[in-house]
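Since the structure comes first, as structure tokens, the remarks are kept for the end.
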Amino acid sequence: MSTSSFSKAQLSAFLNRMLETERAGAKALVAFMAEHERNGPAWTTLRQVQADEAHNCALLGKLLDRDGVPHSHATGEFHAKAIAVAGRRARIEFLMRGLGWAVREFNSSLPRIADAEAAALLTRMRDSHLRSIQACGVAASSLRD
15 MSTSSFSKAQ
25 LSAFLNRMLE
35 TERAGAKALV
45 AFMAEHERNG
55 PAWTTLRQVQ
65 ADEAHNCALL
75 GKLLDRDGVP
85 HSHATGEFHA
95 KAIAVAGRRA
105 RIEFLMRGLG
115 WAVREFNSSL
125 PRIADAEAAA
135 LLTRMRDSHL
145 RSIQACGVAA
155 SSLRD
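Here this note's numbering is used: the first residue of the sequence shown is 15, the next is one more, and so on.
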């Protein structure tokens, strides 16, 4: 793993890849929420995680706009994989693994991001993913299927 700072092109590629990933999570969560009683405990948790994922898309878009970089409009492959998982509990557990992947991506990339504004934003995103993993763990543990 390189420890040198990202070039502008590398940072742009990373931000767009994470935008695709966050979009995939936000879309998958809409489908997951439909399987739970509206305003029930699991639905409420998933709704908050979905709101965070959608908000992260907007934040990443603002960083890309700031740098004059076109946004990717692709949806990451996580979406199709997540939708293919059967069972409410299994889906939440898969979501937790996806959130964990994003945390690892943030952790490995943050030391290479010299842009203080981008690093601060990505640190907050990483931390929101850690909170989401914990909340989803509680929600999953209450489900039998």
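Note that beta-carbon positions come from the ideal geometry of N, C-alpha and C, so glycine has one too.
(request) Report, in whole angstroms, the separation of the C-beta atoms of residue 39 and residue 108, which I expect to be a contact under 8 Å. (result) Incorrect: roughly 11 Å between the Cβ atoms, too far for contact.
(request) Answer with buried or exposed for residue 79, where buried requires no fewer than 16 other C-beta atoms within 10 angstroms of its C-beta. (result) exposed
(message) Within the continuous alpha helix (DSSP H) that includes residue 157, where are the two ends?
(response) Counting along the chain, residue 157 falls outside any alpha helix (DSSP H), and DSSP gives it neither H nor E.
(message) When you compare the CB positions of residue 156 and residue 56, do they come within less than 8 Å of one another, or not?
(response) yes
(message) For residue 148, count the other beta carbons within 10 Å of its own beta carbon; 16 or more makes it buried, fewer makes it exposed. Which is it?
(response) exposed
(request) Rank 26, 63, 41 and 126 by C-alpha distance to the C-alpha of residue 82 and give the top, closest one. (result) 26
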